[in-house]
Amino acid sequence: MPDKILLLPDNIANQIAAGEVIQRPASAVKELLENAVDAGATEIKLIINDAGKSLVQVIDNGGGMSETDARMSFERHATSKITTIDDLFHIKTMGFRGEALASIAAVAQVELKTKRRDDETGTYIEIENSVVKKQEPVATSEGTSIAMKNLFFNVPARRNFLKSNTAEMRHIVDEFTRVALAFPQVFFSLTANNQEIFHLEAGNLKQRILQLLGNNYNTKLVTVKEETDYMNIYGFVGKPDTAKKTRGDQYFFVNNRFIKSAYLNHAVMNAYQEMITKDAFPMYVLFIDLDPTQVDVNVHPTKQEIKFEDEKIIYAFVQAAVKHALAQFSVTPTLDFELDASIQQLPSVQQPFTEEKKTAAASTSIFKGFTEKNRAHFIEPTNRSELKHWREFYESRESGVGSQQSGVQSSESEEENVQRSILNAQFSIERPTISNQQPFSPLTTHHPIAIGSPLTQLHNQFILSQTPNGFILINQQAAHERIIYERLQEAAKGKPVATQRSMFPVTIELAAADTVLLEELMTDLQQLGYMIEPFGKNTFVVQGTPADVNQGNEKQVIDSLLEQFKHFSSEMKFSKREKLIRSLAWQQSVKAGRQLSEKEMEALVEDLFKCKQPNSSPHGDPTYLEFKNEQLEKMFGQ
Numbered sequence: 001m002p003d004k005i006l007l008l009p010d011n012i013a014n015q016i017a018a019g020e021v022i023q024r025p026a027s028a029v030k031e032l033l034e035n036a037v038d039a040g041a042t043e044i045k046l047i048i049n050d051a052g053k054s055l056v057q058v059i060d061n062g063g064g065m066s067e068t069d070a071r072m073s074f075e076r077h078a079t080s081k082i083t084t085i086d087d088l089f090h091i092k093t094m095g096f097r098g099e100a101l102a103s104i105a106a107v108a109q110v111e112l113k114t115k116r117r118d119d120e121t122g123t124y125i126e127i128e129n130s131v132v133k134k135q136e137p138v139a140t141s142e143g144t145s146i147a148m149k150n151l152f153f154n155v156p157a158r159r160n161f162l163k164s165n166t167a168e169m170r171h172i173v174d175e176f177t178r179v180a181l182a183f184p185q186v187f188f189s190l191t192a193n194n195q196e197i198f199h200l201e202a203g204n205l206k207q208r209i210l211q212l213l214g215n216n217y218n219t220k221l222v223t224v225k226e227e228t229d230y231m232n233i234y235g236f237v238g239k240p241d242t243a244k245k246t247r248g249d250q251y252f253f254v255n256n257r258f259i260k261s262a263y264l265n266h267a268v269m270n271a272y273q274e275m276i277t278k279d280a281f282p283m284y285v286l287f288i289d290l291d292p293t294q295v296d297v298n299v300h301p302t303k304q305e306i307k308f309e310d311e312k313i314i315y316a317f318v319q320a321a322v323k324h325a326l327a328q329f330s331v332t333p334t335l336d337f338e339l340d341a342s343i344q345q346l347p348s349v350q351q352p353f354t355e356e357k358k359t360a361a362a363s364t365s366i367f368k369g370f371t372e373k374n375r376a377h378f379i380e381p382t383n384r385s386e387l388k389h390w391r392e393f394y395e396s397r398e399s400g401v402g403s404q405q406s407g408v409q410s411s412e413s414e415e416e417n418v419q420r421s422i423l424n425a426q427f428s429i430e431r432p433t434i435s436n437q438q439p440f441s442p443l444t445t446h447h448p449i450a451i452g453s454p455l456t457q458l459h460n461q462f463i464l465s466q467t468p469n470g471f472i473l474i475n476q477q478a479a480h481e482r483i484i485y486e487r488l489q490e491a492a493k494g495k496p497v498a499t500q501r502s503m504f505p506v507t508i509e510l511a512a513a514d515t516v517l518l519e520e521l522m523t524d525l526q527q528l529g530y531m532i533e534p535f536g537k538n539t540f541v542v543q544g545t546p547a548d549v550n551q552g553n554e555k556q557v558i559d560s561l562l563e564q565f566k567h568f569s570s571e572m573k574f575s576k577r578e579k580l581i582r583s584l585a586w587q588q589s590v591k592a593g594r595q596l597s598e599k600e601m602e603a604l605v606e607d608l609f610k611c612k613q614p615n616s617s618p619h620g621d622p623t624y625l626e627f628k629n630e631q632l633e634k635m636f637g638q
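Mapping of the sequence shown onto our numbering: residues 1 to 638, in sequence order.
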């Protein structure tokens, strides 16, 4: 029998390796930008066409390559970064494996022009499917220009799995942002389809953050800087009021290499404890410099996952540095131990404490509670504290309720009133837990509220009402989300939401990443009542909003919408339009904490039970809980 195991040809081996290194155009952008940085470039230009599917080109003014180096750079595991095994533990460059260019050449058509400062002519190489098609001298400027064309031209299945141009462009902007943040001393530019998106002059880190993430952070950045013998931490964190619903503006760099670390992110979140809500994420751009021997970057092909020799000490340093920065700039709450001068003017301080006053003070229950034993929880008896006066308490409660509902006659007996008041007092505050029972009734589509039953708002969050066989508790935000969600679904199917044109259109400026996202959503937003038009670089004009949405805070509305949309970015089961509708439903809904009038509550309840699925919010949470008399009687052992 012939032998079965064969050595794969280089082009096939390179295509297999490319599957790990080059997953989409953004992967090639990352590798080419990092190569330009390693070449010592001070100016790096990125040119994109068709979201990187037809062209990704990086031009730099770095050191360039000789003719031999240019040819060798496309061989597998050919690199200038390391020579011995020990070099793996002293890596200070972005790349070191020698896989990137070989992988790119295996799945794209590549043109390379490069020239060193002392050479008279440069080198031109044309390579396709790992095969060199042309190599010749060329007149070119100092540095390197590498163009990757027609990505995955020889792997149609991989090309078909690429997302839309706007989605792929968002990934490219993300990779560009990470590299540009890591090297603020280098000029970067990004041009897409002949339009310049970024023009980042060399400067300091704060300037680069504002250029990339938006000028809204200008007055809301807190400096972090801690230096020790083991490691240095520096960068910026956002004030608590900049926290968002997504992790978008969170960047960790170790020795200028962008990394993803849930462990270190937890350290930052702990530093913000009790300053932001649990579902909010602070902004930070933090750099950690430490000895390369203390970290292993050779863990993942993308080099974004690393291992620390002592991750616990890194965690402690990061948390302490952020906490110290927030406290130093008076962001964290502090205790004021200075005595207010006005206290000295109080009569209790100015007037003498006579023996008569001492005797009077010693006879009070407060004094006895602090000085005598077994008095901490003692309650002074009063003439209304005996059990026989329980009826008067509930009579006064009922009379108070009755005064608010004038003209309504109650035929219940006094004992029934007492029983109903006890139930209301117990169950209007918290949801009961019934063992081995569902606390709410099965899903229903009828209107469960009894005709003529009054609606009561609890804690500006829930709506309580009586049903023919118990009572119902409605979550006002979840209910309103369901109402808006179904209305927007109808609009998306061909019945556009009415648009109210603004008398004074509002101009809004967004970060570049948000600009790409908004351009992707503009067609769907128009169907849902928003009239938005481009107005120059990263700028849009809001010409109109849905008729039932208050005007005046368009910038905040758009920012909130984009943040909520990005919140769904990992939910691949949702289509783009579905994410948008869910985001709008959450954004426009009545939030917990808002007081509703009686008419607003009636309209909300009426619209809820007109919905096709009134019993759950778009996220699957219940919109209401219905409690039956049978359940209540069982709880009381009746």
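Just so it is clear, CB atoms sit at the ideal spot from N, CA and C, and this is done for glycine as well.
Pair within 8 angstroms by beta-carbon distance, residue i and residue j
i: I48; j: V37; result: no
i: E626; j: T467; result: yes
i: N469; j: K628; result: yes
i: R170; j: L517; result: yes
i: G52; j: V29; result: yes
i: F74; j: V107; result: no
i: L264; j: I209; result: no
i: K555; j: I484; result: no
Which listed residue (the options) has its alpha carbon closest to that of residue i
i: P622; options: E598, R482, L488; result: R482
i: N256; options: A320, L213, V295, Q211; result: V295
i: D514; options: R487, E563, T364; result: E563
i: K278; options: H266, D3, Q250, G122; result: H266
i: K576; options: D119, E120, A167; result: A167
i: P282; options: E554, Q587, G248; result: G248
i: L212; options: R24, T219, Q195, P184; result: P184
i: F253; options: L580, V179, E196; result: V179
i: A243; options: Y217, E630, A106; result: Y217
i: A202; options: N194, F188, S365; result: F188
i: Y284; options: T523, E602, Y234, R582; result: Y234
i: L46; options: V237, N538, N194; result: N194
i: K610; options: K555, F540, K312, I449; result: I449
i: Q613; options: A478, P496, V549; result: A478
i: A492; options: Q527, A262, S465; result: Q527
i: E598; options: K358, S261, G452; result: G452
i: Q23; options: V155, E34, T121, V186; result: V155
i: Q587; options: E311, Q489, F565; result: F565
Between the CA atoms of residue j and residue i - distance to the nearest angstrom
i: A192; j: T42; result: 21 angstroms
i: L205; j: I5; result: 54 angstroms
i: L102; j: A316; result: Reading off the sequence, residue 102 comes out as Ala, not Leu. Computed Cα separation, rounded: 40 angstroms.
i: E578; j: G529; result: 16 angstroms
i: I306; j: L286; result: 16 angstroms
i: K200; j: E99; result: Per the sequence presented here, residue 200 reads as Leu, with Lys not at that position. Whole-angstrom Cα-Cα distance: 29 angstroms.
i: I127; j: K134; result: 7 angstroms
i: L221; j: V268; result: 15 angstroms
i: I259; j: Y251; result: 8 angstroms
i: L510; j: G214; result: 7 angstroms
i: Y124; j: V131; result: 14 angstroms
i: E355; j: Y272; result: 51 angstroms
i: V173; j: L596; result: 43 angstroms
i: D241; j: N460; result: 24 angstroms
i: N538; j: E519; result: 10 angstroms
i: A425; j: P496; result: Per-residue confidence for A425 stands at a pLDDT of 38, beneath the threshold of 50, marking its modelled position as unreliable; the derived number appears in the next sentence. Their Cα atoms are separated by approximately 46 angstroms.
i: L632; j: S465; result: 15 angstroms
i: L580; j: F329; result: 38 angstroms
i: A105; j: M148; result: 8 angstroms
Close beta carbons around residue i, own chain, < 7 angstroms, minus the five adjacent residues each side
i: D289; result: M231, N232, N255
i: G62; result: A36, A39, G40, A41, G143, T144
i: Q405; result: Caution is warranted here: a pLDDT of 45 is assigned to Q405, below 50, making its placement in the model unreliable, and the coordinate value is therefore given only provisionally. Correct list, in chain order: P454.
i: S66; result: R116
i: P505; result: V541, V542, Q543
i: H480; result: S589, V590, L604
8 angstroms CB neighbourhood of residue i in its chain, flanking five on each side removed
i: M531; result: T499, R501, V542, Q543, G544, T545
i: F462; result: L473, I474, N475, Q476
i: N165; result: D50, A51, K53
i: E602; result: L455
Other residues of its chain near residue i: CB distance less than 6 angstroms, five sequence neighbours each side excluded
i: E175; result: A26, V29, K30
i: T140; result: K113, K115, G122
At least three beta-carbon pairs within less than 8 angstroms, the segment 108-115 to the segment 64-73: yes
Three-pair Cβ contact test at 8 angstroms for the segment 215-229 versus the segment 313-321: yes
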